[in-house]
Every structure is written in C-alpha cells, then in structure tokens.
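Novice:
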Amino acid sequence: MGNQNLEPNRRQVLTIAGGSAAALLLAATPGLAADGGLRGHMRALAGKVFYTTEQPGRWKGKAGGHAPLIKMDKDCNDVLIRSATKHPMSRAHHIVKHILLDGELNFVKEQVFDIDFDMPRARFELQGYRGRFFIVSMCNLHDNWINYADVA
Ligand SMILES: [Fe+2]
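Counting with our numbering, you get residues 21 to 172 for the letters of the sequence shown.
So, in structure tokens, the structure goes:
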C-alpha cells in the first residue's frame, strides 16, 4: 500500500519532447554530434525526405498534426516510451504507424495502427536502453515526421 503511494515519485519523467525539433537541428550541427556524418545526412534530408517541426518543407503548417509527441518514463533499467500524433484517423487520411529507431537510425520496433480501432498512439518498452532514440510518425498523405528524445 505504501509503495503504491510512492510509485509516482520513484518514476523519473525525463523528457516531454513534443515539437522540439529545434534540438534535432542542434544535434545535426557538426562538432556537437557524436556521429557527425550521420547527423549531417539527417540535416540535409530534413524538410525534403522527412519532416520536423522546424523543417516542415512542403508541408509547412502541418507540423502540429504530424510531428510525434514523445513522453518517456524511466524506472531503473525499464524505459517506457509513449508517442502520439494529434491527427485524425479516417480511411482517407490517417497515421499508418509509429516507428522507433535507435540513435543510429536502426529499426527497433514499430506499432501499426488499425484505423477502425486505434488512435495514433504507441507504447514501446525497452530494457537497459541509453542514448538517443527517434520516433517516426507516418501519415498516408503527408509523409514521415520525426522527433526524438534521449534516455539518460
Ligand atoms: Fe496527414
């Protein structure tokens, strides 16, 4: 009983990174990135192949409904990542899936949404993960939008 009352205090909410793509640009700055080449490529592709709040490219004005929001909770080695896109779900226009990538853009997990039942929200559980991760939110009409956060 006492432990349940303490549960929220034990969990450490580390990041709420909704719409913080400016940090993605910072990370893409040569000299600040641990793997500068990779992030250099990302900077060149942002706004062209994928989109962020800061780099909406041809989808200017659509970031609010497409850039994934990220919340993360960490409890010892357990990391819970929750992502959401504020986007409608209809057959004509919907979020297809959220993809979790590691800091080097390797695929980790994905959640495909059923437009009849799901909201565009995903949960990813990881154990022992440290460092940057990316969430890709895929719209069937407005392409891929990326946000990221870091696990300390
Ligand atoms: Fe869309």
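Virtual Cβ for every residue (Gly too), placed ideally from N, Cα, C.
The model shown is predicted, which means the values in this text are computed figures rather than measured ones.
Please list the terminal residues of the continuous beta strand (DSSP E) segment that includes W165.
Specialist: 163 to 171
Novice: CB of C159 to nearest heavy atom of ligand 1: below 7 Å?
Specialist: Judged by the Cβ position, C159 qualifies as a neighbour of ligand 1 at the 7 Å threshold, a heavy atom of the ligand being closer than this.
Novice: CB-CB under 7 Å to A54, same chain, minus the five flanking residues each way: which ones, in chain order?
Specialist: In this prediction, A54 scores a pLDDT of 41, lower than 50, which makes its location untrustworthy; the coordinate-derived value is nonetheless stated afterwards. Closer than 7 Å at Cβ, skipping near neighbours: no residue.
Novice: Taking the straight line between their C-alpha atoms, what separation do you get for V132 and G123?
Specialist: Between V132 and G123, the C-alpha separation is close to 21 Å.
Novice: Name the residue from D136, A64, H107, V171 whose alpha carbon lies nearest to the alpha carbon of L121.
Specialist: Measuring from the Cα of L121, the nearest candidate turns out to be V171.
Novice: Hey, is H118 close to ligand 1, as in C-beta under 7 Å from one of its heavy atoms?
Specialist: no
Novice: Is the separation between the beta-carbon of M158 and that of K117 shorter than 8 Å?
Specialist: yes
Novice: I think K82 touches H162, with their Cβ atoms under 8 Å apart; what is that distance to the nearest whole Å?
Specialist: 6 Å
Novice: Find the nearest neighbour of G148 within the set W79, A87, N97, T73, judged by alpha-carbon distance.
Specialist: N97
Novice: Can you give me the C-alpha to C-alpha distance between N160 and I115, rounded to a whole angstrom?
Specialist: The C-alpha of I115 is placed about 6 Å away from the C-alpha of N160.
Novice: If you run the structure through DSSP and keep just helix, strand and coil, what is A142?
Specialist: strand
Novice: Could you tell me the distance, in whole angstroms, from the CA atom of R143 to the CA atom of S103?
Specialist: 7 Å
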